[in-house]
Amino acid sequence: MTAPLTSGPAEPSVSLDLGGRTALVTGAAGGIGHACALRLAAAGAKVRAVDRDAEGLAALVERADGLAGAVEARVLDLTDLDAAEAAAAGADILVNNAGLQLVRPIEEFPPDVFHTVLTVMLEAPFRLIRGALPHMYAQGWGRIVNISSVHGLRASAFKSAYVAAKHGLEGLSKTAALEGAPHGVTSVCVNPGYVRTPLVEKQIADQAAAHSLPEDRVLTDVLLKDSAIKRLIETDEVAEAVLYLCSPQASFITGTSLSLDGGWTAH
């Protein structure tokens with residue numbers, strides 16, 4: 015008789031207990047980062063919440079009161095790359111989320127803004143990963159979750175810096191996955207479509223000007239034009255995906271991109 019084949023994790027269900035784990039989340043004062051920090055803390059993690067917005071971080075810490083884990087505010091501008099790398103030391107989980115956006119044609123795009131976008135959204139994640147890996151490697155376990163975007167897989171006009179940064183983040187994530195695999199460290203991109211965040215709300219006026227449309231048509235005619243599901247994704251939905259990628263059952267998911275794009279990339 016042939017013995018039955020067994021595969022996968024030993025646990026019969028998804029374990030969402032992150033007790034004893036330390037997570038670092040960038041851009042944690044609002045939007046996706048805020049939701050991820052709360053969800054990881056609710057699962058028991060000690061979360062280092064990194065942002066340059068001190069007031070937003072204070073509000074986050076207040077909301078986290080009473081959760082199974084804890085949230086510690088760390089006010090930090092990610093353009094300070096040495097400080098970013100130092101902040102990641104000892105983290106078991108790293109969520110690279112911080113981002114910024116400017117909608118302009120390439121010939122009108124300010125070079126200093128292009129530089130800042132790539133610094134915050136590509137070079138800082140590299141330095142954060144670099145700072146986190148020694149601890150992850152030493153313990154034989156780590157989770158790197160890079161909040162990319164559908165724009166890490168597809169391009170849109172007038173977003174040269176953002177698209178370039180997200181495409182670069184995809185490559186960085188894959189490289190970290192290949193290097194981290196022998197050490198029990200996974201690296202994955204999460205790729206939402208348009209999320210209901212201040213970052214999206216702030217770009218509606220820019221999109222209206224770029225496309226010569228009234229603002230009330232930007233959502234339907236521009237932002238959701240290629241999405242099969244005609245709504246914005248909520249930050250909590252993204253946070254649930256991030257939490258799953260930190261679970262034991264996600265240990266075989268690495269070097270790939272998880273699209274939460276409402277069918278955008280099905281085209």
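Residue 66 in the numbering used here is what sits at position 52 of the sequence shown, and the numbering runs on without skipping anything.
Using N, Cα and C, we set each Cβ at its ideal position, and we do this for glycine too.
Of the listed residues the options, nearest to residue i (C-alpha basis)
i: I120; options: T270, D250, S265, A224; result: A224
i: A280; options: V28, D240, L213; result: D240
i: L284; options: I143, V64, R168; result: Since the first residue of the chain shown is 15 and the last is 281, residue 284 is not available in this structure.
i: I218; options: G207, V204, L237, P206; result: L237
i: L183; options: R245, A112, S170, L116; result: A112
i: V89; options: N110, A101, V64; result: V64
i: T133; options: A171, A178, A103; result: A178
i: S265; options: T36, A98, T200, M150; result: T200
Buried/exposed call for residue i, threshold 16 Cβ in 10 Å
i: I107; result: buried
i: S163; result: buried
i: G47; result: buried
i: G207; result: buried
i: M15; result: With a pLDDT of only 46 at M15, under the threshold of 50, the placement of this residue in the model should not be trusted; the figure read from the coordinates follows. Result: exposed.
i: L192; result: exposed
i: V28; result: exposed
i: R157; result: buried
i: S226; result: exposed
i: G154; result: exposed
Beta-carbon gap between residue i and residue j smaller than 8 Å
i: V159; j: V209; result: no
i: F140; j: A175; result: no
i: G277; j: A242; result: yes
i: R53; j: L257; result: yes
i: V252; j: L233; result: no
i: G166; j: H181; result: yes
i: D96; j: G58; result: no
i: G34; j: V61; result: no
i: A51; j: V39; result: yes
i: A98; j: D67; result: no
i: I161; j: V109; result: yes
i: G269; j: K173; result: no
i: T249; j: A49; result: yes
Minimum Cβ-Cβ distance from residue i to chain B less than 8 Å
i: A195; result: The structure shown contains no chain B, having only a single protein chain.
Cross-strand partners of residue i (DSSP beta bridge)
i: R157; result: I107, T200
i: E86; result: R62
i: T40; result: V64
i: V302; result: Limits of the chain in this structure are 15 at one end and 281 at the other, which puts residue 302 out of reach.
i: S271; result: C203
**Prompt:** Does the region 212 to 229 come within contact of the region 253 to 268, defined as at least 3 CB pairs closer than 8 Å?
**Reply:** Counting C-beta pairs closer than 8 Å gives fewer than three between the region 212 to 229 and the region 253 to 268, which falls short of the contact rule.
**Message:** Closer than 8 Å is the cut-off here; do at least three beta carbon pairs connect the region 62 to 71 with the region 127 to 137?
**Reply:** no
**Message:** Any contact between the region 73 to 82 and the region 94 to 102? By contact I mean 3 or more CB pairs, one from each, below 8 Å.
**Reply:** no
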